[in-house]
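Enquirer: Quick one: the structure is below, and I'll ask about it shortly.
Number of protein chains: 2
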Amino acid sequence: KDLMGENEKWANETRRLLTEKCVLMINLIGSPGSGKTALLERMAKSLENRIRFAVLEGDVETTRDAERIAAVNIQASQLLTGGACHLEAKLVHYALKDLPLDDLDMVVVENVGNLVCPAEFDVGEMAKIAVLSVAEGDDKPSKYPLLFHEAKAVILTKIDLLLHVDFDVDDCIANIKRINASAPVFTLSAKTGIGVDNWINWLHERR
Amino acid sequence: KDLMGENEKWANETRRLLTEKCVLMINLIGSPGSGKTALLERMAKSLENRIRFAVLEGDVETTRDAERIAAVNIQASQLLTGGACHLEAKLVHYALKDLPLDDLDMVVVENVGNLVCPAEFDVGEMAKIAVLSVAEGDDKPSKYPLLFHEAKAVILTKIDLLLHVDFDVDDCIANIKRINASAPVFTLSAKTGIGVDNWINWLHERR
Ligand SMILES: Nc1nc2c(ncn2[C@@H]2O[C@H](COP(=O)(O)OP(=O)(O)OP(=O)(O)O)[C@@H](O)[C@H]2O)c(=O)[nH]1
Ligand SMILES: Nc1nc2c(ncn2[C@@H]2O[C@H](COP(=O)(O)OP(=O)(O)OP(=O)(O)O)[C@@H](O)[C@H]2O)c(=O)[nH]1
Ligand SMILES: [Mg+2]
Ligand SMILES: [Mg+2]
Ligand SMILES: [Zn+2]
Ligand SMILES: [Zn+2]
């Protein structure tokens with residue numbers, strides 16, 4: 001439809017800009033509370049300027065997430081939709097132009113908390129990354145397949161909670177593989193730091 | 208807009224039908240994995256036919272949730288959107304007409320897992336019920352205010368996990384009260400059953 005064509009024009013503009021500036025952009029998509037912001041807080045610690053990155057924080061309301069990122073000394077711009085359930089390419093494009101792209105290796109878009117709609121919108125990213133916490137249940141990839149199909153990688157978060165929740169990691173990975181045979185699955189905890197290095201190495205290789 | 212007007216016509220049709228049949232309808236809205244289906248499984252046990260109810264299960268894909276409800280001997284119809292991130296009134300209206308309304312006291316709509324869009328759509332319910340799990344974080348009401356503003360009651364689920372997550376119940380309730388002064392907040396666990404009776408009593412009083 002026309003709106004999608006319009007979105008795609010902006011996504012391609014963004015892709016052109018990022019290629020020219022040699023900046024990697026990833027689009028983190030997951031439910032509210034899946035742990036996206038916590039993962040970025042952890043990455044700020046673990047990356048220690050090995051990869052210089054900034055964050056485009058997408059939310060319906062509040063600047064809370066951008067403030068959390070700023071508190072760990074990473075530049076963050078808060079994008080507020082005021083109601084829309086997903087970020088679109090035009091909004092992301094304008095926010096990008098305000099970042100110091102010449103001094104960055106990577107931009108992370110944290111999309112609005114939502115497992116459905118963000119998967120449908122290209123915002124010019126190199127990769128969509130699906131974020132699912134072990135508290136949400138191992139059947140979620142099957143129930144929300146588009147995101148897991150589109151993702152270039154999947155992150156299972158909060159694995160420190162595995163002792164206390166009914167989550168079968170093998171079942172969940174099998175569900176993911178049925179939908180997407182090639183995306184690697186990273187199991188990690190932003191709380192304890194376990195597994196975060198493997199995820200960071202994958203990012204390093206994508207640059 | 209026209210589409211909203213159209214949706215509202217069907218919602219009012221539904222309200223008329225439910226009033227005529229003396230059936231209470233509630234619309235459960237919360238993130239993927241917040242515990243909506245688990246709560247319905249627990250209600251099937253606790254209600255033991257005191258309130259005769261059926262479920263309209265909304266999902267993007269799979270019949271998993273309807274099957275879980277059927278497995279505890281409650282009638283469930285699976286409504287599949289195939290992509291839409293929320294249920295709409297017309298779909299709910301047609302599904303309702305296939306239920307044995309003369310033999311029911313209540314219909315529960317379990318909406319698509321999503322904290323944003325379902326709050327915008329009236330499907331003819333008497334009440335929207337916001338469902339938030341303690342694993343998601345106590346800042347979510349502020350970040351996704353429309354649902355909490357529209358809800359006639361809020362359910363905080365999975366309280367058995369409180370020892371293992373960073374969730375301040377008082378902060379969360381304060382966040383909710385700022386947005387919605389009158390909605391009661393029920394803290395419960397579908398896993399252990401704690402707090403479920405208070406929720407059920409509220410439903411009883413609404414009939
Ligand atoms: N136990 C545990 N809790 C975590 C972990 N990561 C995040 N959390 C908690 O999960 C809750 C939600 O984390 P957020 O980082 O706000 O989640 P989010 O995906 O950014 O949420 P939205 O931006 O609203 O979509 C918070 O209470 C975090 O403390 C983890 O690795 N382990
Ligand atoms: N510890 C604990 N886990 C729970 C509780 N309720 C649900 N869960 C778990 O949370 C996960 C998600 O539960 P569901 O009932 O599928 O959540 P849902 O809200 O119906 O998910 P969607 O329909 O996909 O939006 C499952 O692994 C459940 O076992 C609870 O009270 N305590
Ligand atoms: Mg966040
Ligand atoms: Mg469910
Ligand atoms: Zn949506
Ligand atoms: Zn929607």
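Which chain is which? The protein sequence lines are A and B, in order.
Positions 1 to 207 (our numbering) are the ones given, in order, by the first sequence.
Positions 208 to 414 (our numbering) are the ones given, in order, by the second sequence.
Note that the Cβ used here is the ideal one computed from N, Cα and C, for glycine as well.
If you measure from the beta carbon of Thr-269/B to each beta carbon in chain A, is any gap under 8 Å?
Expert: yes
Enquirer: Could you name the residues, in chain order, whose CB is less than 5 Å away from a heavy atom belonging to ligand 3?
Expert: Lys-36/A, Thr-37/A and Asp-65/A
Enquirer: Could you give the DSSP three-state label for Ser-284/B: helix, strand or coil?
Expert: Looking at Ser-284/B - three-state DSSP - the assignment turns out to be strand.
Enquirer: Out of Asp-122/A, Thr-62/A and Leu-96/A, point me to the one whose CA is closest to Ala-151/A's CA.
Expert: If we check each option's Cα against that of Ala-151/A, Asp-122/A comes out closest.
Enquirer: Since Ala-229/A and Ile-74/A are thought to touch, with beta carbons under 8 Å apart, how far apart are those beta carbons, to the nearest angstrom?
Expert: The structure shown has nothing for residue 229/A, since chain A only spans 1 to 207.
Enquirer: Taking buried to mean at least 16 other C-beta atoms within 10 Å of its own C-beta, is Ser-284/B buried or exposed?
Expert: buried
Enquirer: Tell me whether Leu-339/B sits in a helix, a strand or coil according to DSSP, three-state version.
Expert: strand
Enquirer: Run through chain A and tell me which residues come within less than 9 Å of Asp-375/B, C-beta to C-beta.
Expert: Simply none; closest approach about 14 Å.
Enquirer: Return the chain-ordered ranges of every alpha helix (DSSP H) run that is complete within the segment 259-303 of chain B and spans a minimum of 4 residues.
Expert: The qualifying runs are 271-277.
Enquirer: Just to check, is the beta-carbon of Gly-320/B closer than 7 Å to a non-hydrogen atom of ligand 2?
Expert: yes
Enquirer: Answer yes or no: does any C-beta atom of chain A fall closer than 8 Å to that of Asn-214/B?
Expert: no
Enquirer: Keeping to the same chain, check which residues put their C-beta closer than 7 Å to that of Leu-298/B; ignore five residues upstream and five downstream.
Expert: So the list reads Leu-286, once near-sequence residues are dropped.
Enquirer: On the three-pair Cβ rule with 8 Å, is the segment 299-308 of chain B touching the segment 90-105 of chain A?
Expert: no
Enquirer: Helix, strand or coil for Glu-125/A per DSSP?
Expert: Coil at Glu-125/A, not helix or strand.
Enquirer: Helix, strand or coil for Leu-410/B, going by three-state DSSP, please let me know.
Expert: helix
Enquirer: Against Cys-379/B, what residues of chain A qualify as contacts under a CB-to-CB distance less than 8 Å, listed in chain order?
Expert: By Cβ distance, chain A contributes nothing, its closest Cβ being about 12 Å from Cys-379/B, past 8 Å.
Enquirer: Establish whether the CB of Leu-91/A and some CB of chain B are separated by less than 8 Å.
Expert: no
Enquirer: Go ahead and pull the three-state DSSP assignment for Thr-157/A.
Expert: strand
Enquirer: Can you confirm whether the segment 333-341 of chain B touches the segment 364-375 of chain B when touching is taken to mean that 3 or more C-beta pairs between the two stretches lie within less than 8 Å?
Expert: yes
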